[in-house]
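Let me begin by presenting the structure, written as structure tokens, before commenting on it.
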Amino acid sequence: MTTSRREEDSAVTERQETANQFGIVFYVTVGISLVFVLAGVLLTKPFNKALATTVGWIIESLGWFYLLVTAFFLVFVLFLAFSKYGKLRLGGPDEKPEFGRFAWFAMLFQAGMGIGLLFWGVAQPLLHYRTPPFGQEEPGSSEAAALGLQFAFFHWTLHPWAIYAVVGLAVAYFSFVRGTNSLRVSSVFRPLIGDRVDGPIGKTIDVISIIATLFGVAVSLGLGTLQINAGLGEAFGVPMGIPVQMIIIAVTAAGYMLSASTPIEKGVNFLSQTSIVLAVVLLAYLVVVGPTILQLNAFTQGIGDYITGLVPMSLQMNAFEPTPWLGTWTIFFWATWVAWAPYVGAFIARISRGRTIREFLLGVMVAPSLFSMVWFAVFGATAIDLDERIDGRISDAAREDAAVALFTFLREFPLFMATAILALFLIWIFFVAGADAGTIVLGSMSSGVLEPNRLNKLTWGAIMGALAAILLLADGLDGLQNGAILAATPFAVIMVFMCWSLYRALAADYDEMHSGASADPPSNEGRRRDRSEPRGDRSS
Numbered sequence: 017m018t019t020s021r022r023e024e025d026s027a028v029t030e031r032q033e034t035a036n037q038f039g040i041v042f043y044v045t046v047g048i049s050l051v052f053v054l055a056g057v058l059l060t061k062p063f064n065k066a067l068a069t070t071v072g073w074i075i076e077s078l079g080w081f082y083l084l085v086t087a088f089f090l091v092f093v094l095f096l097a098f099s100k101y102g103k104l105r106l107g108g109p110d111e112k113p114e115f116g117r118f119a120w121f122a123m124l125f126q127a128g129m130g131i132g133l134l135f136w137g138v139a140q141p142l143l144h145y146r147t148p149p150f151g152q153e154e155p156g157s158s159e160a161a162a163l164g165l166q167f168a169f170f171h172w173t174l175h176p177w178a179i180y181a182v183v184g185l186a187v188a189y190f191s192f193v194r195g196t197n198s199l200r201v202s203s204v205f206r207p208l209i210g211d212r213v214d215g216p217i218g219k220t221i222d223v224i225s226i227i228a229t230l231f232g233v234a235v236s237l238g239l240g241t242l243q244i245n246a247g248l249g250e251a252f253g254v255p256m257g258i259p260v261q262m263i264i265i266a267v268t269a270a271g272y273m274l275s276a277s278t279p280i281e282k283g284v285n286f287l288s289q290t291s292i293v294l295a296v297v298l299l300a301y302l303v304v305v306g307p308t309i310l311q312l313n314a315f316t317q318g319i320g321d322y323i324t325g326l327v328p329m330s331l332q333m334n335a336f337e338p339t340p341w342l343g344t345w346t347i348f349f350w351a352t353w354v355a356w357a358p359y360v361g362a363f364i365a366r367i368s369r370g371r372t373i374r375e376f377l378l379g380v381m382v383a384p385s386l387f388s389m390v391w392f393a394v395f396g397a398t399a400i401d402l403d404e405r406i407d408g409r410i411s412d413a414a415r416e417d418a419a420v421a422l423f424t425f426l427r428e429f430p431l432f433m434a435t436a437i438l439a440l441f442l443i444w445i446f447f448v449a450g451a452d453a454g455t456i457v458l459g460s461m462s463s464g465v466l467e468p469n470r471l472n473k474l475t476w477g478a479i480m481g482a483l484a485a486i487l488l489l490a491d492g493l494d495g496l497q498n499g500a501i502l503a504a505t506p507f508a509v510i511m512v513f514m515c516w517s518l519y520r521a522l523a524a525d526y527d528e529m530h531s532g533a534s535a536d537p538p539s540n541e542g543r544r545r546d547r548s549e550p551r552g553d554r555s556s
């Protein structure tokens, strides 16, 4: 390497201290966010109608696009993981990972899945069991039960993590290898558009990325709020409703804004490791008190069904017999993962310096996917088995309100109050840690530095809470789903070009490394001078 790590870190710190953290990208995105918030408050009914109409058109007209691009992202990531580029390191050739494997896994998992698994772990397999996907099986049959787990695996494993991996690898590579030292998505496009990333085109890319991130995080906050309210109702009789949900958002916002005021090593890292330990405790409890053999059988069969059905499920449109199911489930989940991609991708980029591309991609894809499969096999299979024996009480609750399903399920086991409190605490920690990570990413994207200042992060923290509240006021869970789909669509297009730009950069750097021009892999300082590469991110 041409500079030492200490010299490089010093240069980064100097740039960050002098950077304008409240430039045009910050003000434009804050302005757009406030327009959405005010429209939701002052024009609630027209806002709801316009949002639902737009999203309805997207689902009806662009479902094919979502299926194709998500399948492409999975193929692209697997290709890179096993290609010759897999040995390249995210940083200098001697760079060491900043975080250990357990801390790394805990942070990427809580950012990408945590709160969603608690929300859908019981509800989704049960809902598919009672209303099978595309009407393929008899409701309530053993075939419907297997199909429910198969589609839960499909929606929560390789495809979403491939989406995250595309953004995460691209941002990490350009930040730590090409030397932009920024989580801005626009920095990835320099091989395609050159110095125009510092102009209106680059700023437009960043604005779209930030808006998608904002809506994606707001969906996560909204889901967490609904489930905390449901848990408080089941355990303590607290009424379900908007007033309670607004209080939950306010209290949680105070928690994640306090966490955002601490360094990532103390805030998000500690919360993430705590959350993964508590999640394993809850999982282990259900393995012990639940039908363990059924869980193991369901896990094994679920993997087989998922693998054999991966290609058909990835491209299944029911073109000649369309049903609302595709838009309600697969398109919603794909849009949600794309909306979360700039947030989760940029965050896992931030915590992945020093890992090889192969280690990064396989770690991001395999470990969380296996954990999700275990989670759905334990919670989903147990819920289906139990639901049959109690006359559909859990599935009826899930149909009425998916947020209630987990706690209705836990009530059927011993120590309900203890497990309910554990689940509530776990949801809240996932809530706070995820939102804290969101403030870091939004602050970095809007400021152009890896470590945004406290005021920047707190501003985004307040806006995230306000937008989550507005989407809940707009139409509850449907409002959250519509917001995710609306924000995700333009970013999905950006991701396609991101793959192209990343591949060009990898190919160029690999060829140079093996051409004899350099004995070492491309380092931060050496590569960023090439092809008009700037010193740091000049846009603001």
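Residues in the sequence shown are numbered consecutively from 17, following this note's numbering. We treat Cβ as the ideally placed atom computed from N, Cα and C, and that holds for glycine.
Scanning its chain for C-beta atoms nearer than 6 angstroms, with the 5 sequence neighbours on each side dropped, one finds around residue 277 the residues 470, in chain order. For the options 220, 382, 243 and 299, the alpha carbon positioned closest to that of residue 43 is the one of 220. With a 10 Å radius around the Cβ and a threshold of 16 neighbouring Cβ atoms, residue 339 comes out exposed. Among the bridge pairs identified by DSSP, residue 415 is matched with none. With 16 or more other Cβ atoms inside 10 Å of its own Cβ, residue 144 counts as buried. With a cutoff of 8 angstroms on beta-carbon distance, residue 247 and residue 423 are scored as near each other.
Contact between residue 63 and residue 72 does not hold, since the beta-carbon distance rounds to 15 angstroms and is not under 8 angstroms. Secondary structure of residue 475 (DSSP, three-state): helix. The three-state reading of DSSP puts residue 196 in coil, since its state is none of H, G, I, E or B. Classified as buried, residue 473 has 16 or more neighbouring CB atoms from the shown chains inside 10 Å of its CB. Judged by their CB atoms, residue 384 and residue 78 are not nearer to each other than the 8 angstroms cut-off. Annotation for residue 219: the continuous alpha helix (DSSP H) segment containing it runs 216-252. Sixteen is the threshold: when 16 or more other Cβ atoms of the shown chains lie within 10 Å of the Cβ of residue 346, as they do, the residue is buried. Residue 61: member of the alpha helix (DSSP H) spanning 60-97, first to last residue. Residue 359 is positioned such that its CB atom lies no closer than 8 angstroms to that of residue 268. Under the three-state reduction of DSSP output, residue 372 falls in the strand class. Taking a C-beta distance under 8 angstroms as the contact criterion, residue 410 and residue 142 qualify as a contact pair. The C-beta of residue 309 has fewer than 16 other C-beta atoms within 10 Å across all chains shown, which makes the residue exposed.
Note that the C-beta distance between residue 199 and residue 457 is below 8 angstroms.
Taking the C-beta atoms as reference points, residue 103 is found nearer than 8 angstroms to residue 374. Under a 10 Å Cβ-count criterion, residue 350 is classified as buried, with 16 or more other Cβ atoms of the shown protein chains found around its own Cβ.
As the crow flies, the alpha-carbon of residue 475 is around 21 angstroms from that of residue 261. Across the structure, residue 343 and residue 516 are spaced so that their CA atoms are roughly 28 angstroms apart. Assignment of residue 409 by DSSP, reduced to helix, strand and coil, places it in the helix class.
Of the candidates 67, 87 and 222, 222 places its Cα closest to the Cα of residue 41. Per DSSP, residue 113 is not a residue of any alpha helix (DSSP H), being assigned neither H nor E. When secondary structure is reduced to three states using DSSP, residue 105 falls in the strand class. According to the DSSP assignment, residue 126 belongs to the alpha helix (DSSP H) that extends over 117-128. Around the C-beta of residue 273, 16 or more other C-beta atoms lie within 10 Å, and the residue is accordingly described as buried. Residue 347: not part of any alpha helix (DSSP H); DSSP gives it neither H nor E. Look at the beta carbons and you see the segment 169-177 touching the segment 388-407: at least three pairs across the two are nearer than 8 angstroms. For residue 456, the enclosing alpha helix (DSSP H) has its first and last residue at 432-463. A check of alpha carbon separations from residue 233 across 113, 437 and 481 identifies 481 as the nearest. Contact between the segment 79-87 and the segment 327-336 is present, with at least three C-beta pairs closer than 8 angstroms.
Contact check for residue 432 and residue 426: beta-carbon distance about 6 angstroms, within the 8 angstroms limit, so the pair qualifies.
Under the Cβ criterion (8 angstroms, minimum of three pairs), the segment 188-196 does not count as touching the segment 400-408.
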